[in-house]
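In our numbering, the protein residues as written are 855 to 1004. Positions of the beta carbon are idealized from the N, C-alpha and C atoms, including for glycine. Worksheet: the structure to be examined is printed underneath.
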């Protein structure tokens, strides 16, 4: 990771325009996209079964962070897996790659608690004993995205 990447402040909100979730109908990979930033309209679609739902959600300062779920429809994230005593999750592949870059570098600095204003990078993935397992789980999650169709 370059110094520029290291110093770049990211936030979870950056990843809200495209979120991969578990379809409530067929349990395969569906996507939530931002349709309109002005009225907070988001759409959840599944190309596997045809599921389609839209909802308007106003993001407020009192944003409730729920680990492993999307903030609009409260659906389980598709990019989510268990590591011993931990949950590893990401909103989309870009977010997963961001986490992966942190793990590969073994970034030692304190990672703040996740909220609307910080990128979710679990602090446990930077410990040397968990790095190898976290990287293996990240690879499994990436593979699952491209092999999720019936």
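Checklist line | Strand pairing of residue 1001, partner residues [DSSP] | finding: Working through the chain shown from its first residue, we reach residue 1001 at position 147. Residue 1001 is not bridged to any residue.
Margin query: Among the candidates 866, 871 and 904, whose CA atom is the shortest distance from the CA of residue 884?
Written below: Along the chain shown, read from residue 1 onward, the residue named residue 884 stands at position 30. Of the residues 866, 871 and 904, the one whose Cα lies closest to the Cα of residue 884 is 904.
Checklist line | Per-residue DSSP class, three states only, for residue 921 | finding: Taking the first residue of the chain shown as 1, we reach residue 921 at position 67. Coil at residue 921, not helix or strand.
Next item on the list: Determine the direct distance from the alpha carbon of residue 953 to that of residue 986, and round the result to whole angstroms.
Entry: If you number the chain shown from 1, residue 986 lands on position 132. If you number the chain shown from 1, residue 953 lands on position 99. Those two C-alpha atoms are separated by around 13 Å.
Check: In the DSSP assignment, what are the bridge partners of residue 940?
Finding: Here the question's residue 940 lines up with position 86 in the chain shown. Partner(s): 937.
Check: Would you call the CB atoms of residue 937 and residue 991 closer than 8 Å?
Finding: As a first step, residue 937 must be located in the chain shown, where it is residue number 83. As a first step, residue 991 must be located in the chain shown, where it is residue number 137. Yes, the Cβ-Cβ distance between residue 937 and residue 991 is below 8 Å.
Check: Mapping DSSP to helix, strand and coil, what is residue 994?
Finding: Position 140 of the chain shown, counted from the first residue, corresponds to residue 994. If DSSP states are grouped into helix, strand and coil, residue 994 belongs with the helices.
Note to self: Taking its Cβ as the centre, do 16 or more other Cβ atoms sit within 10 Å of residue 909, making it buried, or is it exposed?
What the structure shows: As a first step, residue 909 is located in the chain shown; it is residue number 55 there, counting from the start. It counts as exposed.
Check: For residue 931, which residues from the same chain have a beta carbon less than 8 Å from its beta carbon, with the 5 sequence-adjacent residues on both sides left out?
Finding: Position 77 of the chain shown, counting from 1, holds the residue named residue 931. Counting only Cβ-Cβ distances below 8 Å, and skipping sequence neighbours, we find 873, 874, 875, 876, 922, 923, 924, 943, 944 and 945.
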